[in-house]
Amino acid sequence: MRRRWPVPVLRHIALALICLWSLLPIAVIVLFSLRPARDIFAWPLPLWSAPSFANYVALWQRWPAFWADLGNSLAVTSGATLLAIFASTLAGFGYSRYRGKWLTASAFFTILVRLFPPIVISLPLFPAVNALGLSDTWAVLIVLYAAFYASLGTWVMKATIDQIPRELDEAARIDGAGTWGILRHVILRLAAPGMVASGVFVAVYAWNEFLFAFLFTTTRAKTAPLAIAEMIGSAESSDWGVLFAAASVQLLPMLAAVWLAQRYLVAGLAAGSVKG
Amino acid sequence: MSRGSATPWLLVAPTQLLLLGVIGLPSLYVMWLALTQSSYGQAPVWVGLQNYRTVLADPYFWRALWNTLIVVNVVVYGELVLAMGIAVLFAGGVPLRRAMIAVVLAPYAVSEVVAVMVWRYLMEPDIGPITHALEALGLPGLDWSVSPVAALGLVGIINVWMHLPFTFILLYTGLLAIPAELYEAARIDGASPWTEFRRITLPVLMPSILVAVLFRIIFAFRMFSEVWLLTQGGPARSTEVVALYLYLTGFRYGDFGGAAAIGVLMLLGSLLLSVFWLRRAYRGMFAHA
Chain A
1 MRRRWPVPVL
11 RHIALALICL
21 WSLLPIAVIV
31 LFSLRPARDI
41 FAWPLPLWSA
51 PSFANYVALW
61 QRWPAFWADL
71 GNSLAVTSGA
81 TLLAIFASTL
91 AGFGYSRYRG
101 KWLTASAFFT
111 ILVRLFPPIV
121 ISLPLFPAVN
131 ALGLSDTWAV
141 LIVLYAAFYA
151 SLGTWVMKAT
161 IDQIPRELDE
171 AARIDGAGTW
181 GILRHVILRL
191 AAPGMVASGV
201 FVAVYAWNEF
211 LFAFLFTTTR
221 AKTAPLAIAE
231 MIGSAESSDW
241 GVLFAAASVQ
251 LLPMLAAVWL
261 AQRYLVAGLA
271 AGSVKG
Chain B
1001 MSRGSATPWL
1011 LVAPTQLLLL
1021 GVIGLPSLYV
1031 MWLALTQSSY
1041 GQAPVWVGLQ
1051 NYRTVLADPY
1061 FWRALWNTLI
1071 VVNVVVYGEL
1081 VLAMGIAVLF
1091 AGGVPLRRAM
1101 IAVVLAPYAV
1111 SEVVAVMVWR
1121 YLMEPDIGPI
1131 THALEALGLP
1141 GLDWSVSPVA
1151 ALGLVGIINV
1161 WMHLPFTFIL
1171 LYTGLLAIPA
1181 ELYEAARIDG
1191 ASPWTEFRRI
1201 TLPVLMPSIL
1211 VAVLFRIIFA
1221 FRMFSEVWLL
1231 TQGGPARSTE
1241 VVALYLYLTG
1251 FRYGDFGGAA
1261 AIGVLMLLGS
1271 LLLSVFWLRR
1281 AYRGMFAHA
């Protein structure tokens, strides 16, 4: 490393393979969504196929509920992201600036819960959610998704806020700011990268999650991944174009978000995982 | 700062309430549920350790456990080697570095459902493009709809595809933190690239490697969606993994007590695996308390 490689050609081959591995499945989804059905399972696969939006039209006609499901995904993702950022920022501030035995114990608890598999929790939650009348609502998914990422979010925020000099807190305090004033005028201004990172982690999870959506929603709050899973279940070989269209609509916004937030994501993941 | 004040508790309250309400208390309830017999609309009846005996005597449980352990090990260590290779390659300098990182990161944005869908298409027996390509090369395709080994193999491939970004980022950021002087010193001493890797890169990177492996094992151990969407555990329950076995026991066969016992076993497995990491986190945290 940090030296001239003996065989630069090998390095370029490796890079090409990495691109192929990462991007080929995604490219297939997006490009084949623009192909007529007969060009999807043809062999040899035609390299060029005149693009058409027929699959998107078919998606609109045959799965009219898909757009509502996408709306559910959007609502649940926004709700979970806001809730998780809110909770994690407060907790990250608390754990960064205050010390105490019981406080540390509660911080350790936030790490411990990361080991708990979601499916285990679903057993007692299933009857509880039904009893509360929350089955098949946005609320249940929002709370579940936020809870499962509040831990990572808290540690990302603690790592971010640890880097904000305490002198700024003191300066604000001298100017008469209380804890909430410091939070508002100092922390919130400077902790944005951490908030973006925590937000993207939750958003990716909430937007793509399958298990909880599968267990806790059926129709009214059904999310897009669940709708796509049902489409796969009922697909015949002629429906693949429609499936690719639905998958493209579900996939591309999140891919754009991940790429836009790439810098924060890389820093946040390193901070939240390693220093835990 | 002020001791004994309510402020820090108010600050951590929303997170703690979420975690307690959604994860902590339900887990305690699961531990109790595991000691009872219960089903839909039926009050739990205390049966002691009976559920654990039943589960541990069920050949399908052992089958699911074996499947899980094999897939988890192949996936996590295969992924580690791949991620390490890519991280070292990238740390050595690549053209268009940011764009290349974006490329490796891309599968992170993809839902399990969509990942299973596209890999299923690519590998569809007889008609999938990769199946055709393998045939053209004279290689056998992965007949995952019939063969359990091929099905779990495909589950493994999908799993590596989706989670390589995570492992890569952890290792890559770890690598970037290694001071360049270490390598310069080694080079002056005439070390070969392989020696540099073994004597500098690996030891310095070990904490990142351990964390990456631990997290991946814990997350891979929960694997459900990939298997459910690909085979639903079939044919003849041959591709079940532990989480799927739990789901079927609880939600299909209506045996909540049995499913809870499996859940407690999964939890114990996770805790045992991560004891060393938890100890480190615990010491690190209380050192500052």
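Residue numbers (the working numbering), protein chains in the order written: chain A, 1 to 276; chain B, 1001 to 1289.
In this text, a Cβ means the ideal position worked out from N, Cα and C, and glycines have one as well.
As the structure is a computational prediction, the values presented were derived from the model and not from experiment.
Sequence-distant Cβ neighbours of Ala58(A) in its own chain, meaning closer than 6 Å and more than five residues away, are Val242. Distance between Ala1087(B) and Leu1096(B), taken at the CA atoms: about 15 Å. Pairing Ser198(A) with Met157(A) gives a Cβ-Cβ distance under 8 Å. In this structure, DSSP gives Thr1054(B) a helical state, which the three-state scheme calls helix.
Sequence-distant partners of Thr137(A) (beyond 5 residues in either direction) whose C-beta falls short of 6 Å from its own C-beta, in its chain, are Ala221.
Counting of Cβ neighbours within 10 angstroms places Met1223(B) among the buried residues, the total reaching 16 or more.
Between Val1113(B) and Ile228(A), the beta carbon gap of about 5 Å places them in contact (Cβ cut-off 8 Å). At a cut-off of 8 Å between beta carbons, Ser1027(B) contacts chain A. Nearest CB-CB separation between Leu269(A) and chain B: below the 8 Å threshold. Taking a Cβ-Cβ threshold of 7 Å, the residues of chain A close to His1132(B) are Trp43, in chain order. Beta bridge pairing from DSSP links Val1213(B) with no other residue.
Excluding sequence positions up to five before and after Ala107(A), its CB lies within less than 7 Å of the CB of Tyr95, all in the same chain and listed in chain order. Trp67(A) has a beta carbon lying at 8 Å or more from every beta carbon in chain B. If you draw a straight line from the Cα of Tyr1183(B) to the Cα of Pro1203(B), it is about 13 Å long. In this structure, the CA atom of Phe212(A) is about 16 Å from the CA atom of Gly1263(B). Not one beta carbon of chain A lies nearer than 8 Å to the beta carbon of Pro1179(B).
Shortest Cα-Cα distance from Val28(A) to any of Arg1098(B), Ala1115(B), Asn1159(B) involves Ala1115(B). Under the three-state reduction of DSSP output, Trp1046(B) falls in the strand class. The three-state reading of DSSP puts Thr179(A) in helix, counting H, G and I together. With fewer than 16 other beta carbons inside 10 angstroms of its own, Tyr1040(B) counts as exposed. Check the Cα spacing between Arg189(A) and each of Gly176(A), Ala203(A), Ala172(A), Val204(A): the tightest is with Ala172(A). For Met1031(B), the closest of Tyr1052(B), Gln1042(B), Met1206(B) by C-alpha to C-alpha distance is Tyr1052(B). When secondary structure is reduced to three states using DSSP, Gln262(A) falls in the helix class. If you keep only unbroken alpha helix (DSSP H) runs of at least 4 residues inside the region 1223-1263 of chain B, you get 1225-1230, 1242-1247. If you ignore the 5 residues before and after Glu1135(B), its C-beta comes within less than 8 Å of the C-beta of Gly1141, all in its own chain and listed in chain order. Identification of chain B residues near Gln250(A) by a Cβ-Cβ cut-off of 7 Å yields Ser1111, Val1114, ordered along the chain.
For Arg38(A), the closest Cβ of chain B is not nearer than 8 Å. For Leu152(A), not one C-beta of chain B is nearer than 8 Å to its own C-beta. Residues of the same chain with a CB within less than 7 Å of the CB of Phe244(A), apart from the 5 flanking positions on each side, are Ile29, Phe32, Ser33, Asn55 in chain order.
Under the DSSP assignment, Leu17(A) falls in the alpha helix (DSSP H) whose first and last residues are 8-32.
Thr218(A) counts as exposed, since fewer than 16 other C-beta atoms from the protein chains shown sit within 10 angstroms of its C-beta. Sequence-distant partners of Ala84(A) (beyond 5 residues in either direction) whose C-beta falls short of 6 Å from its own C-beta, in its chain, are Ala146, Tyr149, Ala150, Gly153, Val202. For Phe126(A), the CB contacts under 7 Å within the same chain, skipping 5 residues up- and downstream, are Leu215 in chain order.
Taking a contact to require three or more Cβ pairs closer than 8 Å, the region 1018-1030 of chain B and the region 115-126 of chain A qualify as touching. Between the region 42-53 of chain A and the region 1115-1132 of chain B, the count of Cβ pairs shorter than 8 Å is three or higher; the stretches touch. For a Cβ distance threshold of 7 Å, residue set Pro1008, Leu1011, Val1012 of chain B lies close to Gly94(A), ordered along the chain.
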